[in-house]
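One structure below.
Protein chains: 2
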Amino acid sequence: MKFGRFELQGKTFFGLVEGEQVTELDGSPFDTCKATAKKHALSTLKVLLPFVPQTFYCAGLNYAAHVEWGNRRKGTNTKLPEKADIGYRANNALIATGEPIVIPADSPGPVQFEGELVAVIGKTARHLTEANALDCVLGYTLGNDVSERTWQKADRTMWRSKNCDSFKPLGPFVTTGLDPLKQTVSIDVNGVRVASYSTGKMLFTLQHFIARITRYSTLHPGDMIWLGTDEATEPDLKHGDTVEIICEPIGVLRNPVVRAKD
Amino acid sequence: MKFGRFELQGKTFFGLVEGEQVTELDGSPFDTCKATAKKHALSTLKVLLPFVPQTFYCAGLNYAAHVEWGNRRKGTNTKLPEKADIGYRANNALIATGEPIVIPADSPGPVQFEGELVAVIGKTARHLTEANALDCVLGYTLGNDVSERTWQKADRTMWRSKNCDSFKPLGPFVTTGLDPLKQTVSIDVNGVRVASYSTGKMLFTLQHFIARITRYSTLHPGDMIWLGTDEATEPDLKHGDTVEIICEPIGVLRNPVVRAKD
Numbered sequence: 002m003k004f005g006r007f008e009l010q011g012k013t014f015f016g017l018v019e020g021e022q023v024t025e026l027d028g029s030p031f032d033t034c035k036a037t038a039k040k041h042a043l044s045t046l047k048v049l050l051p052f053v054p055q056t057f058y059c060a061g062l063n064y065a066a067h068v069e070w071g072n073r074r075k076g077t078n079t080k081l082p083e084k085a086d087i088g089y090r091a092n093n094a095l096i097a098t099g100e101p102i103v104i105p106a107d108s109p110g111p112v113q114f115e116g117e118l119v120a121v122i123g124k125t126a127r128h129l130t131e132a133n134a135l136d137c138v139l140g141y142t143l144g145n146d147v148s149e150r151t152w153q154k155a156d157r158t159m160w161r162s163k164n165c166d167s168f169k170p171l172g173p174f175v176t177t178g179l180d181p182l183k184q185t186v187s188i189d190v191n192g193v194r195v196a197s198y199s200t201g202k203m204l205f206t207l208q209h210f211i212a213r214i215t216r217y218s219t220l221h222p223g224d225m226i227w228l229g230t231d232e233a234t235e236p237d238l239k240h241g242d243t244v245e246i247i248c249e250p251i252g253v254l255r256n257p258v259v260r261a262k263d
Numbered sequence: 002m003k004f005g006r007f008e009l010q011g012k013t014f015f016g017l018v019e020g021e022q023v024t025e026l027d028g029s030p031f032d033t034c035k036a037t038a039k040k041h042a043l044s045t046l047k048v049l050l051p052f053v054p055q056t057f058y059c060a061g062l063n064y065a066a067h068v069e070w071g072n073r074r075k076g077t078n079t080k081l082p083e084k085a086d087i088g089y090r091a092n093n094a095l096i097a098t099g100e101p102i103v104i105p106a107d108s109p110g111p112v113q114f115e116g117e118l119v120a121v122i123g124k125t126a127r128h129l130t131e132a133n134a135l136d137c138v139l140g141y142t143l144g145n146d147v148s149e150r151t152w153q154k155a156d157r158t159m160w161r162s163k164n165c166d167s168f169k170p171l172g173p174f175v176t177t178g179l180d181p182l183k184q185t186v187s188i189d190v191n192g193v194r195v196a197s198y199s200t201g202k203m204l205f206t207l208q209h210f211i212a213r214i215t216r217y218s219t220l221h222p223g224d225m226i227w228l229g230t231d232e233a234t235e236p237d238l239k240h241g242d243t244v245e246i247i248c249e250p251i252g253v254l255r256n257p258v259v260r261a262k263d
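Protein chains in written order, with our numbering: chain X, 2 to 263; chain E, 2 to 263.
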C-alpha cells in the first residue's frame, strides 16, 4: 500500500496512491481508515507532507562511504560511530515535494543534499527487540537532509546547518511492506544521476535503532527515523537547481532550489 | 494572566488560574478563547502539559556560573559559547507536573536537575529583531532539563542523556506579561532549597535568541525555547526524591523521582 496526504479545493485528506490515481481515505492510516468511493487523478491534487512527527529522529552518520568521503573532502578524521546514538531534526524545516529549498541569503555555502530512507512509525512502541522492532513501522518514505557545510562546521549545534526553514524535504508518499535493508536510494540533480546506494550498507540497521531507542524512549504513531545517507553529496546545490531523491517503490521527492534575496 | 491545561472526568480544557480557582476557557490561548461561566477548584483537576510544541528549542549553556561549576566538577575546560547556537530536545520526554521522573534501570548516573525558565511562543514569527522579538511570546513557564551525566559525556548526541521518557518536566502553568530577564528561578529537592538564580544573568537574552532563530527558522504558536540553567545542579537525584522548580509568578513544577526496575 502507498498513501499520501493531499489537498483539493481547501480540503485535506489521506489517499491511497495507485499509479496516477488517488482514492480518498476516510480517517488516517496512523489510526483507522477505510477507502471511500472518491477517486482523483494524482495530477489534480496538491501533495502535502505525508505527516508531521511528534519527535523527529535522525541517524546522522550511518554509512561508511559517506564518512570516508567527508574526511577526504574536508581533511578531517571523523571516526565511524561506535554506537547507534540517534539525533534530532526540527519540524519547522519540513517541506513537501514540490516546495522550494530556500538557501538563506547569508549562507557561505556549500549547501548539499543528503538523500535518505525514512522509517515511519505506526504504533506506540517501548522495549522492542531487534527481532520484533519492525512491528511498530507503518512504512517508508524519503527525506532530503539538506546541509549548509560552513555552518555545520562552525556552529556549536546543527540548528542552522540542518534546520533552516525548508531544509528538510519529506515525502512524497509512504509505502508499506518494504524491507528497509534492501532498497536503492538515488539522487538526481537537474535530471543527472549523481549518487545511488543500497540501504543494505547502513552501519546500524533500523531494527537496531528501534531496539536501542525504545529502551529509553517511547515511539509514537507518526514519529519518524531518518536513516542517513551514503556516498558523496555533491554537486553543491545552487539557485535554479532541482534535486530529486528517488526510491522506486516510494516515488520521487522533487524540490527546486532558490536563494533568498535577504 | 496565568493559564494551564486540565483534565476532569475525561474532558480536556484550557483554564485561567486565579489562586486556587480555575475558570474554563472556550478555545485555546494559542488561537482565540474566551472565559466561560464554569469554575473549578484547582485541587479537583488533573494538571496536564500546558501544550506540546511543534519544535522544542533549548539554549543549553546560557549561564556562566553553570559552565564554570561543570568545569570545576568534571575537570573539563568547556568554554562559554561565543554565539547563540540553539539546540533541540524531544517531545517524547515531556511530562506534566506531578508525573514521575523515571531513571532508567541501567543509568550509571548521576542524574541531575536543571531548572529553567521557558518562553512560550504565541504567534507565527520570522525575521524579528531584538527590539520586537518579544511580540511573538505568549508567556513563560518552567522546565526541568533532567540530565544523565555519564551518557551526556559518553554518547555522540544527547538523545539518551537528556531525552529519555520523562526527562523533560514542563509546567505547571503559563504566565503572560513577565520580563524574562527579571525572574528568580529556584530549585528545591525534598523541600530544601538547593539553588536559586536570577534570569538577568543569562549570557544570550531571549530577545537575542528569538532574533537569531527567526533569521533562519519560523517560530510557530506553541513552540517553546528553554533558556538554560545557572549554578550547580546538585544534589544528584535518587529514587524517592521530589524535585521542584519554582518561579513565583508561574508556580511550582513538582515531580517525584523513581528508578525503573528494568
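Ideal Cβ placement from N, Cα and C applies to all residues, glycine included.
Open item on the list: Looking at chain X, is there any beta carbon in it that lies within less than 9 Å of the beta carbon of Tyr-165 (chain E)?
Closed with: Looking at the sequence provided, one finds Cys at residue 165 (chain E) rather than Tyr. Yes, because at least one Cβ of chain X sits closer than 9 Å to the Cβ of Cys-165 (chain E).
Task: Short CB-CB distance (under 9 Å) between Tyr-198 (chain X) and chain E - done: no
Task: Where Ile-87 (chain X) sits in the DSSP three-state scheme - done: coil
- [ ] Step through the CB atoms of chain E and report whether any lies within less than 9 Å of the CB of Ser-218 (chain X).
- [x] yes
Open item on the list: If you reduce the DSSP assignment to three classes, tell me which class Phe-210 (chain E) lands in.
Closed with: helix
- [ ] Assess, as a yes-or-no matter, whether the segment 166-180 of chain X is touched by the segment 139-147 of chain X under the definition of 3 or more beta carbon pairs within less than 8 Å.
- [x] yes
Task: C-beta contact flag for Cys-59 (chain X) and Gly-16 (chain X) at 9 Å - done: no
TODO: Please report how far the alpha carbon of Gly-20 (chain X) lies from the alpha carbon of Gly-5 (chain E), in whole angstroms.
DONE: 48 Å
Open item on the list: Suppose you measure from the CA of Tyr-64 (chain E) to the CA of Phe-210 (chain X); what does that come to, to the nearest Å?
Closed with: 34 Å
- [ ] Run down chain E in chain order and give the residues with a C-beta less than 7 Å from the C-beta of Arg-161 (chain X).
- [x] Tyr-217
Task: DSSP three-state assignment for Ser-218 (chain X), whether helix, strand or coil - done: coil
Open item on the list: Comparing C-alpha positions only, which one of E:Lys-202, E:Val-190 and E:Val-193 sits nearest to Gln-184 (chain E)?
Closed with: E:Lys-202
Task: Amino acids of chain X, ordered along the chain, whose beta-carbon sits closer than 8 Å to that of Gln-55 (chain E) - done: Val-53, Asn-92 and Asn-93
Open item on the list: Am I right that Ala-94 (chain X) and Ser-167 (chain X) are in contact with their C-beta atoms under 8 Å? What's the rounded C-beta distance?
Closed with: 7 Å
Task: Where Asp-27 (chain X) sits in the DSSP three-state scheme - done: strand
- [ ] Please confirm whether Phe-52 (chain E) and Met-225 (chain E) have their CB atoms less than 9 Å apart.
- [x] yes
TODO: Would you verify that the beta carbon of Pro-222 (chain E) is, or is not, closer than 9 Å to some beta carbon of chain X?
DONE: no
Task: From X:Ser-162, X:Lys-163, X:Asp-231 and X:Val-138, residue whose alpha carbon lies closest to that of Val-175 (chain X) - done: X:Val-138
Task: Positions along the segment 223-239 of chain X whose CB lies within less than 7 Å of some CB in chain E - done: none
Task: Cutoff 7 Å; reference Gly-28 (chain X); Cβ partners in own chain excluding five residues on either side - done: Cys-34 and Lys-35
Open item on the list: Give me, in chain order, the residues of the same chain whose beta-carbon lies closer than 7 Å to that of Pro-236 (chain E); leave out the 5 immediate sequence neighbours on both sides.
Closed with: Val-190 and Val-195
Task: Reduced DSSP category for Asp-136 (chain X) - H, G, I as helix; E, B as strand; rest coil - done: helix
TODO: Would you mind stating whether Leu-9 (chain E) and Gly-229 (chain E) have Cβ atoms separated by less than 9 Å?
DONE: no
TODO: Taking 9 Å as the cut-off, decide whether the C-beta atoms of Val-258 (chain E) and Ile-102 (chain E) are in contact.
DONE: yes
Task: Coarse secondary structure for Ser-199 (chain X), derived from DSSP in three states - done: strand
- [ ] Could I get the ranges of all uninterrupted beta strand (DSSP E) runs contained in the segment 104-137 of chain X, with 3 residues as the minimum, in chain order?
- [x] 116-122
- [ ] Could you run through the segment 179-203 of chain E and flag, in chain order, every residue whose CB is less than 9 Å away from some CB of chain X?
- [x] none
Open item on the list: Counting only C-beta atoms, is Asp-146 (chain E) closer than 9 Å to chain X at any point?
Closed with: no
Task: Contacting residues, own chain, Cβ-Cβ under 8 Å from Leu-81 (chain X) (five flanking each side not counted) - done: Leu-62, Ala-65, Val-68 and Leu-204
Task: Minimum C-alpha distance to Gly-116 (chain X) - residue among X:Asp-242, X:Asp-180 and X:Thr-200 - done: X:Thr-200
Open item on the list: What would DSSP say about Leu-43 (chain X), mapped onto helix, strand or coil?
Closed with: helix
- [ ] Return the first residue and the last residue of the beta strand (DSSP E) that Glu-19 (chain E) is part of.
- [x] 12-19
Task: Closer than 8 Å at the beta carbon, the chain X residues around Asp-156 (chain E) - done: Lys-84 and Asp-86
Task: Distance between Ala-120 (chain X) and Arg-150 (chain X) (C-alpha atoms, nearest Å) - done: 25 Å
Open item on the list: For the ligand NAD, I want to know if Lys-12 (chain X) counts as a neighbour, meaning its beta carbon is within less than 8 Å of at least one of the ligand's heavy atoms.
Closed with: Of ligands this structure carries none, so the ligand NAD is not represented either.
Open item on the list: Strictly under 9 Å for the Cβ-Cβ distance: is Ile-96 (chain X) near chain E by that measure?
Closed with: no
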